[in-house]
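Residue numbers (numbering that gives the first Met the number 0): 0 to 562.
The beta-carbon is built from N, C-alpha and C at its ideal position, and this holds for glycine as well.
Remember, it's a predicted structure, so these values are computed and weren't measured experimentally.
Heads up: the structure comes next, in structure tokens.
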Amino acid sequence: MRSNQVTRSRVGAPSSSATTGPLSASSLSVASRRSLPCGCFGMMPVPRSSRSFRTQDGFANLFILLAAIASFATVAAASEAPLDLVITNGRVIDPASGLDAMRAIGIRDGRIVAVTQDALAGTREIDAGGLIVSPGFVDLHTHSPTRLGQRYQLLDGVTTALELEAGAYPIETFASDLKGRARIHYGASAGWGSARLESLFGLRITESLSTRPELIGWRGWWTALRMVLGASSDTLFSAKADAEDIARMREKLAGALDRGALGIGVPLDYFSEGVEAAELEMLFELAAERNVIVFIHVRRGINGDPMGLREALALAEASGAALHVCHITHNAMRNIDLFLREIREARARGIDVSTELLPYNAGSAPISSAVFGRDWRTIFAIDYDDVEWAETGMRFGEASFLEYREKYPQGQVVHHYLKEAWTRRALEEPGVIIVSDLLPMVDEESRVAPHNGAFSKILGRYVREAGVLDWVTALAKMTQLPADRLAAFHPAFEKKGRISVGADADLTIFDPESVLDRATYGDPFRSSAGIHSVIVGGRVAVDRGVLVEDVFAGRRLDVAQDP
């Protein structure tokens, strides 16, 4: 904890101008959006004539002017009724408008009603002297829709956390135990993997992920199949779908989209051996028909092989579907420059594509994952001793790896295969979104990768210490860009990722001199440093570095919500 009486000179303030029991069969049952501004792959948010992920510079100045006029006009109105919360003396950075200046912010009824140089008074005041005030961080890629996961992400400055890569199915039961107890906003795409499991095997997982850790993610699929159906991991990952299976999948995913799913999540690499062209074509055609994004973990071949990326780009181009390529560095590896270039070229051809990275040079997956049944040492250019058992940190040899893969297929491993230079190269690329890829956090007895410090790591290590990015660019990748990527498809995100009059009051206040990740692979359950306050829906959820236990201001975000 730190005092908020900090001298403003430390920030380097700019000018004032805007710039739980064993698993049993009872645990299972057998059974066009309007266009919006988008600043991704171009740092200026501007109106768009279509949902495409491209910037039109012709309207940029007009958009900023109108936003400024609206802001100043509403400041006067803010004094007409008491403000719930006022933030004063902070360096306000809003990448969406270019604002980087000392401002006061007024909040009422969960919305920002004033951003001004004038003095404001409210029921509660936060003195942000010496601190940076930014939009709340928006995480497009997390796998921890749990109370513990939300707790740690909130302490990292995240106000919206979404499960989009793997998604969820059935969508209705996604994070159901968070209802009324959510600390941050949450949502999910339609989970193709789970819909595939039900379509091929008639198996549906109905338990809450937060209360049944053995049913989480890929580990859960393995456990369910093995204990209920007696199937092997090979059956799970390599089973092929026939025409009837594909039709059932389509019906299930379409229903999930009807019920609020935020796109279609396709963790293809985990099913590489079983998925054929017709199945993928169905997924992309459905996404195009329903005007949603495909969030894909592309197939991986030998280290740096671009064929998986090219497959996804070709499907997007043929169908017209929007595409988001998950964790680009973890797919590209040594060929990161090639992958980034091919994405730029695809965008130039009119493909609506975006991508992301997480600031960690390792991957994590169940030891039973299909990739570890292939030539994974060649794929990742690593050996057995580069892989560790997540629970204990033990490094493997060949014999122990094969033994654990047979005896503990649901166990998690961490494989260290990325180089820092690849991460930095992707981080420097304009428009690449920052995510956490946080793995399920259910209890503090089960170790996970330390991704709960992802956003503070970017700010502390890559901005302050290494100077890879400046504050504005880094914050854009964590706020405006992810919000804008979704806003053209889902109106709930129109008012996320920005500090402007009418925007949702989701804000993160941090100390630029001390913000830093503290979680490590050996000790992942450590909260980030330097996160002073976090506002979620207009309520103070973190106060001077301490989580406010009785604040549950998060809400579920889905396509049915109005902006």
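- Sequence-distant Cβ neighbours of D382 in its own chain, meaning closer than 7 Å and more than five residues away, are R376.
- Bounds of the beta strand (DSSP E) holding A189 are H184 to G190.
- Annotation note: the region 135-182 contains the following uninterrupted alpha helix (DSSP H) runs of length 4 or greater, listed N- to C-terminal: 146-153.
- Here DSSP, grouped into helix, strand and coil, assigns R497 to coil.
- Counting along the chain, the unbroken beta strand (DSSP E) around G362 starts and ends at G362 to P365.
- In this chain, the alpha helix (DSSP H) harbouring F400 covers E397 to K406.
- In the structure shown, the three-state DSSP call for A321 is strand.
- If you check the CB distance, G496 and V114 do not come in under 8 Å.
- In this structure, R299 is the residue among R404, A552 and R299 with its C-alpha nearest to the C-alpha of R333.
- In this structure D549 is exposed. Its beta-carbon is surrounded by fewer than 16 other beta-carbon atoms within 10 angstroms.
- Ranked by Cα distance from S532, the first of A80, P81, T87 and L401 is T87.
- For the set E280, A453, G303 and E464, the Cα lying nearest the Cα of K476 is the one of A453.
- Comparing C-alpha distances from D268 to each of V112, W191, G129 and I106 shows the shortest one belongs to W191.
- Take the alpha-carbon of R373 and the one of I301: they are about 10 Å apart.
- CA-to-CA, the gap between F379 and P481 works out to about 28 Å.
- Across the set L312, I125, P358 and D436, the C-alpha of P358 shows the shortest separation from the C-alpha of E419.
- Relative to the Cα of I104, the nearest Cα in the group R123, G97 and A95 belongs to R123.
- Straight through space, the alpha carbons of I263 and R180 are spaced by roughly 26 Å.
- In this structure, the CA atom of G254 is about 43 Å from the CA atom of D469.
- When secondary structure is reduced to three states using DSSP, F200 falls in the helix class.
- Going by DSSP, H329 is part of the alpha helix (DSSP H) stretching over I327 to A331.
- Measuring C-alpha to C-alpha distances from A473 to each of A504, R484, N451 and G430 identifies G430 as the nearest.
- Between the region 484-500 and the region 512-530 there are fewer than three inter-stretch CB-CB distances shorter than 8 Å, so the stretches are not counted as touching.
- Here G105 is bridged, per DSSP, to V85 and A113.
- In this structure, DSSP gives G372 a helical state, which the three-state scheme calls helix.
- Leaving aside the five residues that flank E275 on each side, the residues in its chain whose CB is nearer than 7 Å to its CB run, in chain order, K239.
- Counting only the Cα atoms, A194 lies some 31 Å from T478.
- Secondary structure of T519 (DSSP, three-state): coil.
- Contact between L312 and V352 holds, with the beta-carbon distance rounding to 7 Å and staying under 8 Å.
- By the neighbour-count criterion, in which 16 or more other beta carbons inside 10 Å mark a residue as buried, M306 falls on the exposed side.
- In this structure, L282 sits near V265, with a CB-CB distance shorter than 8 Å.
- Assigned with DSSP and collapsed to three states, G264 falls in strand.
- Nearest to S527 by C-alpha distance, out of V91, A118, L154 and I92, is L154.
- Boundaries of the beta strand (DSSP E) around G121: G121 to D126.
- Nearest in C-alpha terms to T328, of all of A369, E316, L426 and L199, is L426.
- For L235, the three-state secondary structure derived from DSSP is helix.
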